[in-house]
Each structure stands twice: as structure tokens, then as C-alpha cells.
Amino acid sequence: MFATGGAFLSAPILTMMDKLTSTEFQDYVNNMKLNHSLLKQLQTTLLTLEAVLVDAERKQIHDPAVREWLNDLKDAIYDTEDLLNQISYDSIQSKVTNQVLNFLSSLFSNTNGEVNSQIKISCERLQLFAQQKDILGLQTVSWKVLTGPPTTLLVNEYVTVGRKDDKEELVNMLISDTDNNNIGVVAITGMGGIGKTTLARLIYNQEEVKNHFDVQVWVCVSEDFDMLRVTKSLLEVVTSREWNTNNLDLLRVELKKNLNNKRFLIVLDDVWNENGCDWDELICPFFGKSGSKVIITTREQRVAEAVRAFHIHKLAHLSDEDSWHLLSKCAFRSENFHGDEYPTLEEIGRRIAMKCGGLPLAARALGGLLRDTVDAEKWNAILNSDIWNLSNDKVMPALHLSYQDLPCHLKRCFAYCSIFPKDYQLDRKQLVLLWMAEGFIEHYLGPKEAEEIGNEFFAELISRSLIQQAYDDTDGEKFVMHDRISDLAAFVSGTSCCCLKYGGKISRNVRYLSYNREKHDISSKCEIFHDFKVLRSFLPIGPLWGQNCLPRQVVVDLLPTLIRLRVLSLSKYRNVTKLPDSLDTLTQLRYLDLSNTRIKSLPSTICNLYNLQTLILSYCYRLTDLPTHIGMLINLRHLDISGTNIKELPMQIVELEELRTLTVFIVGKGQIGLSIKELRKYPRLQGKLTILNLHNVTDSMEAFSANLKSKEQIEELVLQWGEQTEDHRTEKTVLDMLRPSINLKKLSIGYYGGKSFPSWLGDSSFFNMVYLSISNCEYCLTLPSLGHLSSLKDLRLDGMRMLKTIGPEFYGMVGEGSNSSFEPFPSLQNLQFRNMSSWKEWLPFEGGKLPFPCLQTLRLQKCSELRGHLPNHLPSIQQIIIIDCGRLLETPSTLHWLSTIENKNIVYLK
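Structural data, given as C-alpha cells:
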């Protein structure tokens, strides 16, 4: 027999086989005089078991005995994996300390005889399972992963079929004027997977809807209704900023103020709460213009009645024809599938579509499963699968089929997502780092970076419609799982993964655990953690409540005993001020998140965590230094120290040449601290990099040696000077030498002491740049030429106190850029000038095409000397804010300019 993809447990077995056969592992085994025969026996047993896993995974759907065998085997596999990981840790320890050490972990005694004994126990345990496979009638099934075309990270998950009439009816209902001053509530109802959210998204994005409403807000409510969370989310969307308060009354007042006198559309997605009183309390700040509307999506008719919807729109199932249309669009990535090309596939596909039960979620999942596959045998296998007979109310057979087809590594990654609650927004970068920490990517390492492989895994789950982009995501980093798919992930993960709810039951063999962080996580709630001796992930999630507290005994007494932990987060627990020295018992730790805690320092023993890959210390504002021997963390790839009070980096940090993320680099002064040229030792830095204290760079060639231009994966760069300077020429030369890669997306320059900017800033080759901030550059007499930055969307200029005139150079009207076809700032949407105390003139543009065709927001604040000549053609403007610009508002040309603005509601003057 032959299958594609492999079984769930194939992935950890492949990783263990890699470990057992690696040169480093074998060398350590020889040095420690471990039993080669036992290890060989372990390899053979693992391969014997792996050969029948695909068959077992198929049969366990209908055979309880096989299901129990697989569940018990999973625990044995995980325990063996932990054993081998501990041996690997001690191998690394001997490498770091340059000596062969006895085992220090509490997993073993410190003799090789005890280690051999542990290996023997694991081997015998697995052999029992190998003997049982014949009793269960399990057969050998070969498999391989079939690779298709590369997948992109973002696909159109929200393609709709068969909803045109629904869309038109609801759009007309929303934009119809009414004299009724009450809020009009529309409820879209239907079973899970029928497309309620997709339809609401389609309506929300219609141009006539956008043009009709002044404010549009989308918030996911979810099953666990939380008045504070929903109200805060609404306010944050309306105001486009975070609100760090948990005062519900204050939030309501602000929400009411920001909705007042505006026609709004609010979408509340996935509502379950049937309590009419809660609804009345939620909408009490909803005071807007007549014609304001609220859309809710819900499975329950009772919810629609509780919110007193004036229209309840029950979604019907798709027809078989529409189901086939949607399935074929997803399978062939084409708007129109031509059946004459593959008549056999169309015949089979239509029969598969009939089994989707009219649910778009099922059709989309099966389309993703069959994507780019023209093998009729595979299509028939899907059509005739036994899984269609699966009797489980929570798991759709179509979704289960999609899971079964996943390669073994993706099965593991997908199941891991069940540790997050329903409707939780998955952060792509964080999830990839968690997968890395759990060892899910280890087997596939090679020429590609682990992070790149993780992103490919993530993209594949998206392409199969198992993950979709969050609606409020603007940068391609936030994703969600449909709640029916969350049910599938929970089903296939069994007892290994859990999102703990207070008072809920949980298996002692849970490996991966998250729980909702509360304001005070009391001792009684945390007592259950003592039972989880094999735990690998300890991941509190949820909002920052201001004073989140975790019992001290959890940090001091419990966590050091969870010696198999790979992922540990204490993030947002404000009472955590110190970590125990015994933290180094967590030898398997690969991911440690201490962000938003109040730790003042890290114990020196943290440097013994040789497996650590990710260390997050962001916004630990009391943290003043890093451990001296941080260079011992030889596997550290991501170090985030943004928002800390660290003034100087330890010298050993230059030994961390595996770093991919170093959020802050602090330039030392003279012989104290690090020279900027040390950045050359990190050729593979990615993400965001902030360089502080650039005033300490006195030799521009050291800046050149940092070689920022070659760091092509850095997307955001912050260049920060500090003390005032009298050497303006050196600072300009230094900035010139800090030219970044053209892949840069965001650039911020602060406290720069030069009088002008180097020519690279504003060069058209920076076609990826979307954000630019220049602040407190007090000596600059002119602005750089920025009009050629074709993708720039957000430009902020602040505190340039010596600048008097903005003229042609700002637009890029020099040299070849002055031709009549040149259009400056073609993509700019947000333009801000603040604290420009000497700025008097903004000269009009005199080129052929007018600038700022896409500008939506113009903000002028504390530009007290500015007299006029504002841009006279802003076709896309939505908001004009003028604050503390006294002379500007006295100028006749400005008053005339303001009078030409058609929509007076967009102007704010103070």
C-alpha cells in the first residue's frame, strides 16, 4: 500500500531518528560509554512502529482498540523523545564547557549505567507496542510527502459563491435611510461553517457601504462573552489606538464620545450570549446619527431575538452546483473551471461537492485538499473515504479528510493550535517560534532557515483553508481558525493539547497547555499545575489587566520542577520581579517570554539553558542589564530587549552569531561597550533593529563595517542619536554609511545632528518603504527628497526646529525627477508635521502631476510660524487636523483653502 503525508506520530519518530544517527550524538555516546546495542535496538523498534502508523491512524476512526493503542503509544513516543533530548542537552553542555560531564538532569542519576537503564526501559516499553500491532491487524503502509507548487502566505480565503442575492438584500437594507433614531440591528444566522462571517465581510467591504457610513467597526465577540474586552476592542478600533485602562465606565464614555454625531456600522461577529440585559449594557454607548446599523453573526436564533434585530437573515445552504463551483475554484485556483479539460475529475468532484452538505467551509477545505491535484485516483479516494461515515457532531467529515491528507509535520503543527481558545488571533511569527521550540521543524532543517520553513508550513495551512487571515489584520501577521476547525484540532490532538479553563478537567499527560490569564491567578487555580509533570508548554494568554498576578510559589517552587518544559511564558505578570536560580533545571527550554514583567535582572544560571532559541524581554522596564556570560546561549536566535532600561550590552553578546533577531543594539562609548562594527557579526538579522547612541560613533568607517546594506531581512530600522553634537559633518557621514538594504519597509531617524541628509534617503530604489519618521533632528535646514518613494504611505516629521521652508527638494523636483510625468508621493496616505517652530513656507508644487493623490490624513501641529500655501488638490482626503498653528489660521489663503473642502466634518481645528 502507498499513502501520502504520513501519520501524526511519524514526525517525532523522524526527529528521533535524526538525533540517534547524528555525528554529535554518536560521539557523545562513545565518550559516555553508553550501550550502542540498546540504542540500535531503539532505532529498530521505532522504525517498526512507524511503518504501521498510517494504517493505525486510518483504523482508529472506527476501532476503539486501535485508538487506545495510538493514544498510549503517543505518550511512550513523547517520553522517549524527552529522554533523547536530555542526552542531547548534555552533549551540548560538554561542548560549551569543553569537557565531558556526567548527567546533571534530575531525569537521571550521574552514572552511565543509570542512563543505559533509562534507554532500556523506553526500548522495552516501545517493544510492547510493536508486539501488539500484529494483534490489532496493523499493516505496513509506505508514504511520502508530495510537494506541490510553492504556496503564498496570503490567499483569498473569503471567495464567495451563491451569496449574491443575500449580499444585495443586506446592502440595500444597510444603506436605506430611516427616520428611526434607534439603532438598526441585523442578525445573520445559520449553522457553523455556512458562511455567516464571510458574508458579513463581503458586505462590510462594499464600496457603497464604506461611502455610506462615517465609521466602520469589526469586533469578534466569541463564545466567552466579556463586556470589558468587547467594549475596549470597539473603542480601540474606532480610535485606532490602544487603551490601557480597565475602567469600563471610562471606556464607555470615550466610545460614546467617538461615535457621537457619526453614522456608524458595527459588526459583532460570532455572538453567543442570549442575555438581553447584557446586550442593553453593551450598546448603551452606541449613540450615532440616524441610520447607524449593527450587524451580528450568530448560530442561535435566540441570540437574534435577544438583540431585538429588526431583520433576521437566515443563511441557506449552498446548492450542489454552487458547492461544486466553490470547490473547483479552490482546487484549481481559477475563477472558471473548464470541465472539458478534466471530465473525469468534474464527475468525481461534483459527487464530492454533494457530500459537503451545502457548507462553504467544507467545500473550501476539500478544494484546498485537492489543490493542484489532477490524479483521479486521489479524487476517488476522497469520494469513497470511510471518514464520510464518521459520527461526530463536532467534526465535519470534510474537515477530517483535509486533516488526514496533511503531511505528518503539518498534522503536528495544526494540532498544536488547539492550545489556543476559539477565535484567538494567532500571531504568525510567534506561532512559528513556538513550532520551532517544540521541535516540529527540526527534521526539515537544511539550506533553509528554520523560520523560513515554519513560514512555509504556515502558508500551507492557509492554502488548505485550515487557517485564515484575521479581518482586522493590516500587515499579514494575524490569523484565526474557524471554530469548527478549532473543534477538529482539539479532536485530533486528544489529551496532548489543552486550553485550560478554571474548574475544567484535564489529563495528567497533557504536554501542551495554555490558559486564560486573569487579573489574579489565585493559588487554588494553579494547584492543578503540580500534576502536569510531563508538560512541554506553559503558555498564559489573554489581555494585560494592569496588575496581573501569579502566585509566587508557581514561579519559585513549581516551574523549576517542570523539567520537560520547552515553552515558558510569564508575560504580563506584573508581580514577577525575580526568577529563581533553579531556572536552569529547565534544560529543554527553547522559548522564554518574560515580557511586561518587573524583573530587574536575570539569574546567571539562565546562561545554562543551552537549548534556548527565543528570549523575549520586551517592556521589562526595570531590567537594566543582561547576564555577563550570555554568549553561552549558543542556540539563541531571537533576543527582544525593546522597551527595557538596558544601557549597555555585555561583550559576550558578539558570540551569539546565530541571532536572527536583536531588537536593540546599543553603541558603546570609547572602550566601554560595543562598537557599531560588531553588527557585522550578525549577517542574518531580520525583523526590527533599533540602534541607539549613534552619537558615540566617531569613525564613519566603523559604521560602514556594520554593513547594514547587506542585511536584507531587516524590515524596520530605527537610528537614534542622543547627546547634542557640534560635529555635524561626522554625523552626516555616519548616517551616509548606515545605508540599509532596499528591502527596508520602515525607517525612523531620531536626534540626528547633521544639517542635511545623505542622498540615499529618498532614493527611488527604496521601493518597499511604506513608513518614514524623522524626529528631533534640530540642526537640519532642509528636508530630504522623498517624493520618489513610490510605496511610502506614512510620513511623519517632528521637531525639526531650524527648518524654515519646504520646497521643490521635498518633492524630489531635482534633475531627472523634474519631468512633467513625475507624480510625487503617489501612495502617501498619512502626512504629519509637528513641532516645526521655525517653519514659515510650504511652497506650492510646480510640476506636471499634482502630489498626494492618495493622501487621507493631513496633520499640522505646533507649526506656529507657518503662513499658508497648503496643497490645493487632495482628492482622497478624509481628515485634516490643525492644532496650535495660529498664524496659519489667520492667513486668507488658508481660510479660502478650508472653504473649498467639500466635507466640513473632516476638518478639526484647535
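Going by our numbering, the sequence shown opens with residue 28, and the numbers climb by one from there. All residues carry an ideal CB built from backbone N, CA and C; glycine is no exception.
Asked	Found
Distance, I40 Cα to T25 Cα	This structure cannot settle anything about residue 25, because the visible part of the chain is limited to 28 through 937.
Classification of N137 by the beta-carbon crowding that lies within 10 angstroms, buried from 16 upward	Residue placement at N137 cannot be trusted, given a pLDDT of 48 that sits under 50; what the coordinates show is reported in the next sentence. Exposed, since its Cβ has fewer than 16 Cβ neighbours within 10 Å.
Within the region 545 to 622, ranges of the alpha helix (DSSP H) (whole runs, at least 4 residues)	550 to 553
Cutoff 7 Å; reference N183; Cβ partners in own chain excluding five residues on either side	In this prediction, N183 has a pLDDT of 47, which is less than 50 and means its spatial position is unreliable; nothing more can be read from the coordinates.
G376 and S490 closer than 8 Å at C-beta	no
DSSP state of E196 mapped onto helix, strand, coil	helix
Contact under 8 Å by Cβ, D45 with H436	no
Span of the alpha helix (DSSP H), counted from its first residue to its last, around E348	347 to 359
Cβ pair F506, A516 closer than 8 Å	no
The region 251 to 271 contacting the region 207 to 218, beta-carbon criterion three pairs below 8 Å	no
Contact under 8 Å by Cβ, L595 with L629	no
Presumed contact (8 Å Cβ cut-off) between S149 and L110, rounded CB distance	6 Å
Distance between beta carbons of I661 and I693, contact taken as under 8 Å	Contact flag wrong, Cβ pair sits at about 22 Å.
For V244 and N862, the rounded distance between their alpha carbons	32 Å
Backbone CA spacing between E545 and D307 [nearest angstrom]	25 Å
Through-space distance from L226 to E195, alpha-carbon basis	11 Å
Buried/exposed call for F485, threshold 16 Cβ in 10 Å	buried
DSSP bridge partner residues for H340 (one or two, in chain order)	I215
Distance, C647 Cα to D667 Cα	10 Å
Enclosing beta strand (DSSP E) for E308 [first to last residue]	Not the beta strand (DSSP E): E308 falls in the alpha helix (DSSP H), residues 303 to 310.
Pair within 8 Å by beta-carbon distance, W869 and H896	yes
Reduced DSSP category for S800 - H, G, I as helix; E, B as strand; rest coil	strand
Under the three-state DSSP convention, the category I489 falls into	helix
Opposing strand residues paired with Y539 [DSSP bridges]	C524, S564
Inter-residue Cα distance where the pair is L134 and Q113	Bear in mind that the predicted position of L134 carries a pLDDT of just 44, short of 50, making it too unreliable to give a figure here.
Distance between V761 and L744 (C-alpha atoms, nearest Å)	15 Å
Whether I202 touches V236 by CB criterion (8 Å)	yes
Supposed close pair I409, I310 - CB separation, criterion 8 Å	The Cβ separation is near 46 Å, so there is no contact.
Cβ neighbours of N288 in the same chain (closer than 8 Å, five flanking residues each side left out)	G315, K316
Close beta carbons around K464, own chain, < 7 Å, minus the five adjacent residues each side	The residue asked about is misnamed: residue 464 is Ala in this sequence, not Lys. Taken in chain order, the residues that qualify are R593, V594, R617, Y618, Q640, T641.
C881 to S854 span [Cα, whole Å]	6 Å
CB contact flag (R707, S732, <8 Å)	yes
Whether L810 touches G839 by CB criterion (8 Å)	no
Environment of F130 [buried if 16+ CB atoms lie within 10 Å]	With a pLDDT of 42 at F130, under the threshold of 50, the modelled position of that residue is not reliable, and the figure given next carries that caveat. Under this definition F130 is a buried residue.
Sequence-distant residues of its chain with Cβ nearer than 7 Å to E705 (five each side left out)	V681
Under the three-state DSSP convention, the category H427 falls into	helix
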